[in-house]
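Comments concern the structure below.
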Amino acid sequence: MICRLTVERKHIDLTPLKKAGVPIFFIVGGPGSGKGTQCEKIVAKYGLSHLSSGDLLRDEVKSGSPRGAQLSKIMEAGELVPLEVVLDLIKEAMLKEVAKGSKGFLIDGYPREVKQGEQFEHE
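For the sequence shown, counting from 1, position 77 maps to 85 in the working numbering; every step adds exactly one.
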């Protein structure tokens, strides 16, 4: 299903992330393929930050924010969360991690389709 509900996007200044110049790795694979397990090993060995799109969505819903409430409605309806919203959550999390001195990122569960990867590169 395509989402019929809208979620307001935030303007996010990515300057600190771009200046940090840290590597970004996308970890892809089907459900149960071991993405999370491999990420844990890489984090332990290299100290990169692991971001899971699913965890970011669940955390936003749990936060009780207006955006989280909108996301909850979308997910409860069995609809797909808009690509842009997932991207915003990832960008916000990356900025927080860069501020804490992140050495780089493992992004798990994103992109799910070519369009998401293209949008990430564009923004």
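Where a beta carbon is used, it is the ideal one built from N, C-alpha and C, also for glycine. Computed from a predicted model, the values in this text were never measured in an experiment.
Contact between S57 and F113 holds, with the beta-carbon distance rounding to 5 Å and staying under 8 Å. Straight across, the Cα-Cα distance linking V106 with K81 is about 31 Å. For D116, the beta-bridge partners assigned by DSSP are I35 and S60. Here K108 carries a coil assignment [DSSP, helix/strand/coil]. Ranked by Cα distance from H130, the options L95, P39, K27 and T45 are led by L95.
Following the DSSP letters along the chain, one finds S80 inside the alpha helix (DSSP H) bounded by residues P74 to E84.
With 16 or more other Cβ atoms inside 10 Å of its own Cβ, D116 counts as buried.
DSSP places K26 in the uninterrupted alpha helix (DSSP H) bounded by T23 to A28. In this structure, DSSP gives E87 a state outside helix and strand, which the three-state scheme calls coil. As the crow flies, the alpha-carbon of E92 is around 8 Å from that of Q124.
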